[in-house]
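Everything below concerns the one structure shown next.
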Amino acid sequence: MAEKNIIPFFTTSVMQIQLDLDIVKLTELAFQIRNKDKDGVQVTNKGGWQSNNVIEEAHEELDKLKKEITQYLQTYHSEIFQGMKFKGNVVQSLANMWVNINEKHHYNEWHIHPFATLSGVYYIKHDGVESGDILFKHPEHPQMAALHWSPEIVEAYNAATSGVVNITPKSNMLLIFPSWMNHSVEVNLNNDPRISVSFNSLLLPEIK
Numbered sequence: 003m004a005e006k007n008i009i010p011f012f013t014t015s016v017m018q019i020q021l022d023l024d025i026v027k028l029t030e031l032a033f034q035i036r037n038k039d040k041d042g043v044q045v046t047n048k049g050g051w052q053s054n055n056v057i058e059e060a061h062e063e064l065d066k067l068k069k070e071i072t073q074y075l076q077t078y079h080s081e082i083f084q085g086m087k088f089k090g091n092v093v094q095s096l097a098n099m100w101v102n103i104n105e106k107h108h109y110n111e112w113h114i115h116p117f118a119t120l121s122g123v124y125y126i127k128h129d130g131v132e133s134g135d136i137l138f139k140h141p142e143h144p145q146m147a148a149l150h151w152s153p154e155i156v157e158a159y160n161a162a163t164s165g166v167v168n169i170t171p172k173s174n175m176l177l178i179f180p181s182w183m184n185h186s187v188e189v190n191l192n193n194d195p196r197i198s199v200s201f202n203s204l205l206l207p208e209i210k
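According to the working numbering, the sequence shown holds residues 3 to 210 in order.
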């Protein structure tokens, strides 16, 4: 039998972790931050509210979240970037984070996170499909399905052949992905707000 080897070139991975943090306390914190900073910032959010950087915010449960994020950033780095060679020892360092509150009919446009290595989002409150999926676009061929696969013969695409892949989050779910990965968030059709914390990391020299 001939020797066979499948080489997964140019793969892009999303890490999904279900955490166990106190979402009641984090929900209260999210609204406290919004009450102190009602204007927030306008970036990709359409109708929603986004905070300024909250990485220095002092809060017991937020500190736990930072610790979890930092741990899994290192895990992603070790497992996904395995085989890369760096000039010295480096670590993924949490650079900034912000709170998102999207009420009914609010959404986020397609975007990337420039000047970062890894990005992610932690969902404080998400009530399923009606709250809006997060969508990831194929890095090179977002029109892959239309251009290369006839819809007359394909019933369902997979992660390798789709132009866009969606994830339906859950409350307490953490997602980590490369910052260059184009993504958006669908319209919240639920009467309850979708609440999340987004973040970026930078690759920095390890300090011993």
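Beta carbons are placed, not taken as given, at the ideal position from N, Cα and C, and that holds for glycine.
Whole-Å CB distance - residue 57 paired with residue 98, under 8 angstroms assumed | 6 angstroms
Run through DSSP, which three-state label would residue 79 get?
-> helix
Determine the closest residue to residue 59 out of 5, 94 and 34, with distance taken between C-alpha atoms.
-> 34
Short Cβ contact (8 angstroms threshold) for residue 67 with residue 203 = no
So which of 42, 93, 155 and 134 has the shortest CA-CA distance to residue 206?
-> 93
Just how far apart, CA to CA, sit residue 88 and residue 208?
-> 11 angstroms
By the 10 Å Cβ neighbour count, where 16 or more other Cβ atoms means buried, how is residue 112 classified, buried or exposed?
-> exposed
Return the CA-CA distance between residue 120 and residue 153, expressed in angstroms with no decimal places.
-> 34 angstroms
Nearest-angstrom Cα separation, counted from residue 40 out to residue 84 = 42 angstroms
Between the Cα of residue 12 and the Cα atoms of 188, 183, 194 and 22, which residue gives the shortest distance?
-> 183
Strand pairing of residue 96, partner residues [DSSP] | 203
Evaluate contact between the segment 170-188 and the segment 114-128, counting only Cβ atoms and requiring at least three cross-stretch pairs below 8 angstroms.
-> yes
What does DSSP give as the partner residues of residue 185 in its beta bridges?
-> 113 and 138
May I have the straight-line CA-CA distance separating residue 2 from residue 43, to the nearest angstrom?
-> No answer is possible for residue 2: the residues shown for the chain start at 3 and end at 210.
Note down the Cα distance separating residue 48 from residue 4, rounded to an integer number of angstroms.
-> 54 angstroms
Does DSSP put residue 125 in a helix, a strand or coil?
-> strand
4 or more residues per run - each alpha helix (DSSP H) lying fully within the segment 11-94 | 25-38 and 62-82
Length of the line joining the Cα atoms of residue 27 and residue 135 | 24 angstroms
Span of the beta strand (DSSP E) holding residue 167?
-> 166-169
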